[in-house]
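> Below is a structure I'd like to ask you about.
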Amino acid sequence: MSTAVHVSTVPDDAVAASGGPAEGVSLLAVSGELDYTNAERFRHDLLGSIGSDRQHLVIDLAGLSFCDSTGIRVFLAIRKLVQDRGGNLAIADPHPRIRRIFHLTGLTDAFAVHPTVEDAVGFLRRNEDPA
28 MSTAVHVSTV PDDAVAASGG PAEGVSLLAV SGELDYTNAE RFRHDLLGSI GSDRQHLVID
88 LAGLSFCDST GIRVFLAIRK LVQDRGGNLA IADPHPRIRR IFHLTGLTDA FAVHPTVEDA
148 VGFLRRNEDP A
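Numbering-wise (my numbering), the sequence shown opens with residue 28 and increments by one.
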């Protein structure tokens, strides 16, 4: 049985510390193991954490040590939701095992994967549509 997966909302000041104002960017940290036993709960927790007022999302995967195909589907669904709202999603600091899964499945082409949270936030800010 896998360990629970946890979603933590990182305070806006942590996002601001990574390169400018935090307006429009949410940062979530994910830890644990993500599989079919907890993917629906994970999806629910992610949706609750991002709300409806933010455009861009950074998901820090440093603490996520396992992800199966149901977890991958959740990431793809969240990506679609964020894009449908006019935003972008970036993945930061994936655990080496997760980075390999993203590479083998081609998800590195679907997601902007960055080595650090700072790089991911910077990417989103550089690719923001001007208002």
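A virtual CB, placed ideally from N, CA and C, is assigned to each residue, including glycine.
All values derive from a computational prediction rather than experimental measurement.
Roughly how many angstroms separate the alpha carbons of residue 94 and residue 70, rounded to a whole number?
Cα to Cα, the separation comes out at about 13 Å.
> Using only CA atoms, which one of 77, 88, 78 lies nearest to residue 56?
Comparing Cα-Cα distances from residue 56 to each of 77, 88, 78, the minimum goes to 88.
> If you run the structure through DSSP and keep just helix, strand and coil, what is residue 141?
Strand at residue 141.
> I'd like to know if the stretch 59–73 and the stretch 96–104 are in contact, where contact means that at least 3 CB-CB pairs between them fall below 8 Å.
Verdict: yes, contact present.
> Identify whether residue 71 lies in helix, strand or coil by the three-state DSSP scheme.
Helix.
> Count the other C-beta atoms from every protein chain shown that fall within 10 angstroms of the C-beta of residue 106, then say buried if there are 16 or more, exposed otherwise.
Classification of residue 106: buried, given that the 10 Å Cβ count is 16 or more.
> If you count every other CB in all the chains shown that lies within 10 Å of the CB of residue 147, and 16 or more means buried, which is it?
By the 10 Å Cβ count, residue 147 comes out buried.
> Cα separation between residue 112 and residue 141?
Rounded to the nearest angstrom, the two C-alpha atoms are 22 Å apart.
> Hey, would you say residue 130 sits closer than 8 Å to residue 91, going by beta carbons?
In this structure, residue 91 does not lie closer than 8 Å to residue 130 by Cβ.
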